[in-house]
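A.B. asks: Each residue of the sequence shown is one higher than the one before, counting from 84 in my numbering.
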Amino acid sequence: MKKKQTILLIALLAVALLAPLPAMAWSSVRTGQKNFERAWLAYTFRRFDQASQHFAQAADAFAAGLAETPPSRTTLFASNLTMAGMSLYYAGRYAEVATPMKRVMDREKRVWEAPLYAALAAARLGDKSSTIALLDAYLKTSPGQPILSAEVSRQLDALESGQPPLTQVAQAIEEAAFAQFDGNINRLSDRRESTSQSCDGNYWWRNNRQPCLKRFKYTS
Numbered sequence: 084m085k086k087k088q089t090i091l092l093i094a095l096l097a098v099a100l101l102a103p104l105p106a107m108a109w110s111s112v113r114t115g116q117k118n119f120e121r122a123w124l125a126y127t128f129r130r131f132d133q134a135s136q137h138f139a140q141a142a143d144a145f146a147a148g149l150a151e152t153p154p155s156r157t158t159l160f161a162s163n164l165t166m167a168g169m170s171l172y173y174a175g176r177y178a179e180v181a182t183p184m185k186r187v188m189d190r191e192k193r194v195w196e197a198p199l200y201a202a203l204a205a206a207r208l209g210d211k212s213s214t215i216a217l218l219d220a221y222l223k224t225s226p227g228q229p230i231l232s233a234e235v236s237r238q239l240d241a242l243e244s245g246q247p248p249l250t251q252v253a254q255a256i257e258e259a260a261f262a263q264f265d266g267n268i269n270r271l272s273d274r275r276e277s278t279s280q281s282c283d284g285n286y287w288w289r290n291n292r293q294p295c296l297k298r299f300k301y302t303s
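1) Extract the residue ranges of the alpha helix (DSSP H) inside the segment 212-248, only unbroken runs of 4 or more that lie entirely within it.
2) Determine the burial state of Phe131: buried for a count of at least 16 other Cβ atoms within 10 Å of its Cβ, exposed for fewer.
3) I'd like to know if Pro247 contacts chain B, where contact means its C-beta is closer than 9 Å to some C-beta of that chain.
4) I need the boundaries of the alpha helix (DSSP H) containing Gly168, first residue and last residue.
5) Count the other C-beta atoms from every protein chain shown that fall within 10 angstroms of the C-beta of Ala233, then say buried if there are 16 or more, exposed otherwise.
6) Among Gly209, Ile268, Ser225, Tyr177, whose alpha-carbon lies nearest the alpha-carbon of Thr127?
7) With three or more C-beta pairs closer than 8 Å as the rule, is the segment 282-295 touching the segment 246-253?
8) Could you check where the alpha helix (DSSP H) with Glu196 kicks off and where it finishes?
9) Pull up the distance between the alpha-carbon of Thr302 and that of Phe160, whole angstroms please.
10) Among Ala197, Ala204, Leu199, which has the Cα closest to the Cα of Arg176?
11) Looking at Phe157: is its Cβ nearer than 9 Å to the Cβ of Phe145?
12) In the DSSP assignment, find the unbroken alpha helix (DSSP H) run with Thr182 in it and report its ends.
13) Please list the terminal residues of the continuous alpha helix (DSSP H) segment that includes Ser135.
14) What's the gap between the Cα of Leu104 and the Cα of Gln228?
15) As a quick exercise: from Trp123, Arg237, Gly148, Arg129, pick the residue whose alpha carbon is nearest that of His137.
16) If you drop the 5 nearest sequence neighbours on each side, which residues of the same chain put their C-beta closer than 6 Å to that of Met169?
17) Tell me whether Tyr301 sits in a helix, a strand or coil according to DSSP, three-state version.
18) Look at the alpha carbon of Val112 and the alpha carbon of Ala167, and state the distance between them as a whole number of angstroms.
19) Helix, strand or coil for Gly284 per DSSP?
20) Tell me, to the nearest whole angstrom, how far the beta carbon of Ala142 is from that of Ala134; I am working on the premise that it is less than 8 Å.
21) How should Gly209 be labelled, buried or exposed, when 16 other C-beta atoms within 10 angstroms of its C-beta is the threshold for buried?
22) Taking 9 Å as the cut-off, decide whether the C-beta atoms of Pro198 and Thr182 are in contact.
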């Protein structure tokens, strides 16, 4: 009888210790999402210092979620991984960008932000071969982002025919990315191209400064 009680007590302790983990993981992801949303709003209004602070906070939160063993299912949603990679990039944590973005590229071939920001991080780290391969992968996603894609093609040609400084390459593409997002947000034509890009979609930042006020939660 005493032995059974001991086993039961151990089991209850194990449950008590493990139960908070999913909640902690979800808390990290939600904190990451909210700070990414704040960062993107500031970024698209050109409040870059404020955006950097929020991106850093988002990067910390997403990194905490990814450090869980194992990461939660929600953490591994492609949209959350994409926000994680973008946050890490804008926070200057270039060496950490590849991990979440590779997970996205392995699962969702059409999420063009994954190879793009992985390429920018590789350029910032001085890795020319990875920069070229990832920029080429970005173009193969057929992203439908003309300003950005034109600049990526120009920089690819320069990389393949010469030795431009990789920091210069990254800066030029970053500026083109901002111009593309800015154009997407401000264009007058119907922006409801797909559910994933509308303000209540998983990739709302492509065409919007912020998600819908009463948006549904991220679903993939």
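Glycine included, C-beta positions come from ideal geometry on N, C-alpha and C.
C.D. replies: Reading from the atomic positions:
1) 229-244
2) By one-based count along the sequence shown, residue 131 stands at place 48. Exposed, because fewer than 16 other Cβ atoms sit within 10 Å of the Cβ of Phe131.
3) Annotation note: the requested chain B is absent from the structure, which comprises a single protein chain.
4) Against the sequence shown, residue 168 aligns to sequence position 85. It spans 161-173 - the alpha helix (DSSP H) in which Gly168 sits, taken as one unbroken run.
5) Along the sequence shown, read from residue 1 onward, the residue named residue 233 stands at position 150. That one is exposed.
6) As a first step, residue 127 is located in the sequence shown; it is residue number 44 there, counting from the start. When each option's Cα is compared against that of Thr127, the closest is Ile268.
7) no
8) Taking the first residue of the sequence shown as position 1, residue 196 is located at position 113. Looking at the DSSP string, the run of the alpha helix (DSSP H) that includes Glu196 is 196-207.
9) Numbered from its first residue, the sequence shown carries residue 302 at position 219. Numbered from its first residue, the sequence shown carries residue 160 at position 77. So the alpha carbons of these two residues sit roughly 7 Å apart.
10) Here residue 176 refers to the residue found at position 93 of the sequence shown. For Arg176, the nearest C-alpha among the options comes from Ala204.
11) Sequence index remark: in the sequence shown, residue 157 carries index 74 (1-based). Sequence index remark: in the sequence shown, residue 145 carries index 62 (1-based). The amino acid at residue 157 is misidentified as Phe; the sequence shows Thr. No; because the gap between Cβ atoms is not below 9 Å, this pair is not in contact.
12) Translated into the one-based positions of the sequence shown, residue 182 becomes position 99. Run containing Thr182: 181-190, per the alpha helix (DSSP H) assignment.
13) Taking the sequence shown and counting its residues from 1, the one referred to as residue 135 is at position 52. Counting along the chain, the alpha helix (DSSP H) containing Ser135 begins and ends at 131-150.
14) Looking up residue 104 in the sequence shown gives position 21. Looking up residue 228 in the sequence shown gives position 145. Per-residue confidence for Leu104 stands at a pLDDT of 46, beneath the threshold of 50, marking its modelled position as unreliable; the derived number appears in the next sentence. Going by the C-alpha atoms only, they are around 39 Å apart.
15) Translated into the one-based positions of the sequence shown, residue 137 becomes position 54. Among Trp123, Arg237, Gly148, Arg129, the Cα nearest to that of His137 is on Trp123.
16) Position 86 of the sequence shown holds residue 169. Result list for Met169: Tyr200, in chain order.
17) The count along the sequence shown starts at 1 and reaches residue 301 at position 218. Tyr301: coil per DSSP, three-state reduction.
18) As a position in the sequence shown, residue 112 is number 29, starting the count at 1. As a position in the sequence shown, residue 167 is number 84, starting the count at 1. Cα to Cα, Val112 sits roughly 9 Å from Ala167.
19) Position 201 of the sequence shown holds residue 284. In this structure, Gly284 counts as coil in the three-state DSSP scheme.
20) Sequence index remark: in the sequence shown, residue 142 carries index 59 (1-based). Sequence index remark: in the sequence shown, residue 134 carries index 51 (1-based). Wrong, their Cβ atoms sit about 12 Å apart, outside the cutoff.
21) Mapped onto the sequence shown, residue 209 falls at position 126. By the 10 Å Cβ count, Gly209 comes out exposed.
22) Locating residue 198 in the sequence shown gives position 115, counting from the first residue. Locating residue 182 in the sequence shown gives position 99, counting from the first residue. No, the pair does not count as a contact, with Cβ atoms beyond the cut-off.
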